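J.:
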Amino acid sequence: MSVLTRLSDSPPRRGLGYRARVALRNPTTAIGALALVLFGYLIAVPIVVLMVDGFRVERADEGITRKLTGEPTTYYLWRVLRSPTAVDIFWTPLWNTVVIAFFSVLLALAVGGVAAWFIARSNIFGRKWFATALIVPYMLPSWTFALAWTTVFKNRTAGGQAGWMEQLGFVPPDWLAYGRLPIIVIFTMHFSPFVILLVGNALRRFDSQLEESARMLGANRLAVMFTIVVPMMRPALISATTLILAKVLGEFGVAYILGLPVGFDVLATSLYRSIASDQTGVAAILVAAIVLIGLVSLWVDVHFLNEARRFVTVGGKGALNRTADLGRWRAPATMWCVALFGVSVAVPITVLCLSTVMKVPAEFAPHNFTLQYWIGRDLNTPAFPDGILVSPSVWSAAWNSFWIVGVASVCAGILGLLVGYVVVRSESRLLSTVLRQLTFLPYLVPGIAFAVAYITLFAVPRGPIPALYGTTTILLLIYLADQMPFASRAGISAMMQLGRDPEESAQIMGAGWLRRMGTVVVPIQKGALAAGILMPFISGLKSLSLVVILAVPGGDVLTTLAIRLVDFGYTQSANGVVLIVAAVAFLGTYSIQKLLKTDLASGLEG
1 MSVLTRLSDS PPRRGLGYRA RVALRNPTTA IGALALVLFG YLIAVPIVVL
51 MVDGFRVERA DEGITRKLTG EPTTYYLWRV LRSPTAVDIF WTPLWNTVVI
101 AFFSVLLALA VGGVAAWFIA RSNIFGRKWF ATALIVPYML PSWTFALAWT
151 TVFKNRTAGG QAGWMEQLGF VPPDWLAYGR LPIIVIFTMH FSPFVILLVG
201 NALRRFDSQL EESARMLGAN RLAVMFTIVV PMMRPALISA TTLILAKVLG
251 EFGVAYILGL PVGFDVLATS LYRSIASDQT GVAAILVAAI VLIGLVSLWV
301 DVHFLNEARR FVTVGGKGAL NRTADLGRWR APATMWCVAL FGVSVAVPIT
351 VLCLSTVMKV PAEFAPHNFT LQYWIGRDLN TPAFPDGILV SPSVWSAAWN
401 SFWIVGVASV CAGILGLLVG YVVVRSESRL LSTVLRQLTF LPYLVPGIAF
451 AVAYITLFAV PRGPIPALYG TTTILLLIYL ADQMPFASRA GISAMMQLGR
501 DPEESAQIMG AGWLRRMGTV VVPIQKGALA AGILMPFISG LKSLSLVVIL
551 AVPGGDVLTT LAIRLVDFGY TQSANGVVLI VAAVAFLGTY SIQKLLKTDL
601 ASGLEG
């Protein structure tokens, strides 16, 4: 073949102008690069800066370390792990966290697993109603239940008003009122819905013919349960375990309310104490430990899920999902579900509601009921003199919550859809992988640890970015970053279901990228965009761990205002603010289901 022939067959060289025009018509790579820069700074950089601070001398410790500020040191690592105070700073909180996580996971799997089987595979009365009712705790802030618990069981250890039990003549011991036991009970109630959602969905897809075949071969119900059903449910059970463990590691509100009066610390509250006492280096080491535990749990999750693939079956047209006839056990099983709803929803909410209209706890005489804590003025509570509905502090916190979380959620939804577009459409596999994992990283970092990282990064000016600590800007940024795991996964899932044909047709007709996004992609994906905005909004409204150390007086959101009222000992006002948060979260979640025509009770993918 001649040289001229080879040259004629080779593709023509394209100039820089041509490549620029092509990039403008399909700027996926450019958008992905900008997204990497943005999320690298908002997600990865704060964590890296915090980790570095764990090995640099702080000004206050120059005398102890005999080094200048900023010089390398292992002092904080020694202080957290091996110093005389290490037991109080790390080892005891770690042990408490492990014990609480272990029993919370175990009990949540037991309670939620039984409830999921009753709802998905039995003929209990009111199955459809229980399918929604038993996941209501998922919609409420976890520390709602902690406030209800203290309202009933609080004793004089905490000071302030007496609890209901003490007012009625029974003084609850500390082990019942505070510490490990109530935290485990509350986590069990709050996280059982995760199990119901995950395991319930898996049970609905499970072929009941497998159980029937085992019974025909002579296996009893227990044998079928532990040799057929449980192995098949392993992926869902492992996912639920990992999810609960990640939540327990970063949960601050419950442990703070129920642990503070008796000095009971978990890793999250120990971290909070370190920040409150301006021990940034110690806090950095604690954050590293929490993140490491989270990464180990994720590795365990991935490892066992790969192992669990041996148990996966794919049902075809013959797959059946028959419900079991409980016979004479139908009524007791239904009553068990009623009791679970009562303990996890009805009783806590009723207790909180009643506490906000009582002058004296647990006194049910008509003269003791009042609306002054809701609409009164000049109350005998100096730091919070007005009722909840007429208090400027509440309205200011509510406005901050709605506009800060709202703006962050809208940005998260839009950016999540763009991330999904880049991940699915980009020709660079490296870009797609890095962006996908980077936007998922906040899920592995507990909220309070992420907040500490933001303080480290934004407490001082860095280049053109001024110090943001104490401003609403830092709250907006951390809400945005923290909600990206859900928003990006919603965007990726939606874009994977959208073929290239509609967009390519518009491109053939001469539509540019912005026009294609506005007239083709966004209208088709409006449901995913709405989910990527609304669910982060509800989650952000409930969040406490994420902002408890970032919000300052005068810049409170509803959750941080409620925890300040707890610190003041204003039980009625604190419970009322939490009820507002719970009502907004519940109504918002319910509205999302109706708007998007989805049903949370139908389960999550395991």
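The opening residue of the sequence shown carries number 1 in UniProt numbering; numbering runs sequentially from there. We treat Cβ as the ideally placed atom computed from N, Cα and C, and that holds for glycine. None of the values given here were measured: they were computed from a predicted structure.
1) How many angstroms separate the CA atom of residue 368 from the CA atom of residue 362?
2) Short check: CB of residue 417 to CB of residue 249, under 8 Å?
3) Please name the residue, chosen from 176, 85, 402, that lies closest to residue 261 on a Cα-to-Cα basis.
4) If distances are taken between C-alpha atoms only, which option among 421, 544, 517, 288 comes closest to residue 35?
5) Residue 72 bridges to which residues according to DSSP?
6) State whether the region 146-160 contacts the region 71-86, with contact taken as three or more CB pairs (one from each stretch) at a distance under 8 Å.
7) Mapping the DSSP letters down to three states, classify residue 580 as helix, strand or coil.
8) So, for residue 375: in the same chain, excluding its five sequence neighbours on each side, which residues have a beta-carbon less than 7 Å away from its beta-carbon?
9) From residue 100 to residue 523, what distance separates their C-alpha atoms?
10) Would you report the Cα separation of residue 172 and residue 536, rounded to the nearest angstrom?
11) What are the residues that DSSP puts in a beta bridge with residue 364?
12) Can you check which of these residues, 149, 559, 454, 139, is closest to residue 590 by C-alpha distance?
13) Could you tell me the distance, in whole angstroms, from the CA atom of residue 38 to the CA atom of residue 546?
14) Taking the continuous alpha helix (DSSP H) assigned at residue 495, which residues delimit it?
15) So, are the CB atoms of residue 194 and residue 112 less than 8 Å apart?
16) Whose C-beta lies closer than 8 Å to the C-beta of residue 324 among residues of the same chain, with five residues either side of it excluded?
17) Could you check if residue 335 is buried or exposed, using at least 16 other CB atoms within 10 Å of its CB as the buried criterion?
18) Starting from residue 120, follow its DSSP beta bridges and name the residues at the other end.
19) Rounded to whole angstroms, what's the CA-CA distance from residue 407 to residue 476? Just pull it up for me.
20) Among 267, 274, 275, 273, whose alpha-carbon lies nearest the alpha-carbon of residue 290?
21) For the region 452-465 against the region 46-55, are there 3 or more C-beta pairs whose distance is under 8 Å?
22) For residue 657, count neighbouring Cβ atoms within 10 angstroms of its own Cβ and tell me buried if that reaches 16, exposed if not.
23) According to DSSP, is residue 369 helix, strand or coil?
24) Compare the C-alpha of residue 58 against each of 125, 279, 256 and name the closest.
25) So, at 7 Å on beta carbons, what are the nonlocal neighbours of residue 401 in its own chain, with the 5 sequence-adjacent residues on each side left out?
26) Which term fits residue 380, buried or exposed, when burial requires 16 or more other beta carbons within 10 angstroms of its beta carbon?
27) Just to confirm my understanding: we take residue 241, look at its own chain, exclude 5 residues before and 5 after, and list those with CB closer than 6 Å. What are they?
28) Three-state secondary structure (DSSP) at residue 549?
29) Might you give, ordered along the chain, the residues of its own chain that have their beta carbon closer than 6 Å to the beta carbon of residue 441, omitting 5 neighbours on each side?
T.: Well, looking at it:
1) The residue given as residue 368 occupies position 368 in the sequence shown. The residue given as residue 362 occupies position 362 in the sequence shown. Approximately 9 Å between the Cα atoms of the pair.
2) Within the sequence shown, the letter at position 417 stands for residue 417. Within the sequence shown, the letter at position 249 stands for residue 249. No, these two residues do not count as a Cβ contact at 8 Å.
3) Here the question's residue 261 lines up with position 261 in the sequence shown. It is 176.
4) What you label residue 35 is simply residue 35 of the sequence shown in a count that begins at 1. It is 421.
5) Taking the first residue of the sequence shown as position 1, residue 72 is located at position 72. Paired residues: 56.
6) no
7) Here residue 580 corresponds to residue number 580 of the sequence shown, with the count starting at 1. Helix at residue 580.
8) Position 375 of the sequence shown, counted from the start, is the residue given in the question as residue 375. Correct list, in chain order: 387, 389, 390.
9) Position 100 of the sequence shown, counted from the start, is the residue given in the question as residue 100. Position 523 of the sequence shown, counted from the start, is the residue given in the question as residue 523. Their Cα atoms are separated by approximately 46 Å.
10) To locate residue 172, count along the sequence shown from 1; it is residue 172. To locate residue 536, count along the sequence shown from 1; it is residue 536. Looking at the two C-alpha atoms, the distance is approximately 39 Å.
11) Here the question's residue 364 lines up with position 364 in the sequence shown. Its beta-bridge partners do not exist; DSSP assigns none.
12) Residue 590 sits at position 590 when you count from the first residue of the sequence shown. If we check each option's Cα against that of residue 590, 139 comes out closest.
13) In the sequence shown, residue 38 corresponds to position 38, counting from 1. In the sequence shown, residue 546 corresponds to position 546, counting from 1. Their Cα atoms are separated by approximately 20 Å.
14) The residue given as residue 495 occupies position 495 in the sequence shown. Segment 484-496, the alpha helix (DSSP H) holding residue 495.
15) The count along the sequence shown starts at 1 and reaches residue 194 at position 194. The count along the sequence shown starts at 1 and reaches residue 112 at position 112. A contact, by the Cβ cut-off of 8 Å.
16) Start at 1 with the first residue of the sequence shown, and residue 324 comes out as number 324. Only 121, 122, 123 meet the Cβ criterion.
17) Numbered from 1 along the sequence shown, position 335 holds the residue referred to as residue 335. Exposed: under 16 other Cβ atoms inside 10 Å.
18) Within the sequence shown, numbered from 1, the residue matching residue 120 stands at position 120. None; residue 120 has no bridge partner.
19) Position 407 of the sequence shown, counted from the first residue, corresponds to residue 407. Position 476 of the sequence shown, counted from the first residue, corresponds to residue 476. Approximately 7 Å, taken between the alpha carbons.
20) On the sequence shown, residue 290 is found 290 positions in, with the first residue counted as 1. That would be 267, whose Cα lies nearest to the Cα of residue 290.
21) yes
22) Given a span of 1 to 606 for the chain in the structure shown, any question on residue 657 remains unanswerable.
23) Translated into the one-based positions of the sequence shown, residue 369 becomes position 369. Strand at residue 369.
24) Stepping through the sequence shown from its first residue, residue 58 is reached at position 58. It is 279.
25) As a first step, residue 401 is located in the sequence shown; it is residue number 401 there, counting from the start. Within the same chain, residue 401 has close Cβ partners 541, 557, 558.
26) Sequence index remark: in the sequence shown, residue 380 carries index 380 (1-based). Classification of residue 380: exposed, given that the 10 Å Cβ count is below 16.
27) Along the sequence shown, read from residue 1 onward, the residue named residue 241 stands at position 241. So the qualifying residues of the chain are 105.
28) The count along the sequence shown starts at 1 and reaches residue 549 at position 549. Coil, per DSSP.
29) Working through the sequence shown from its first residue, we reach residue 441 at position 441. Answer for residue 441: 43, listed in chain order.
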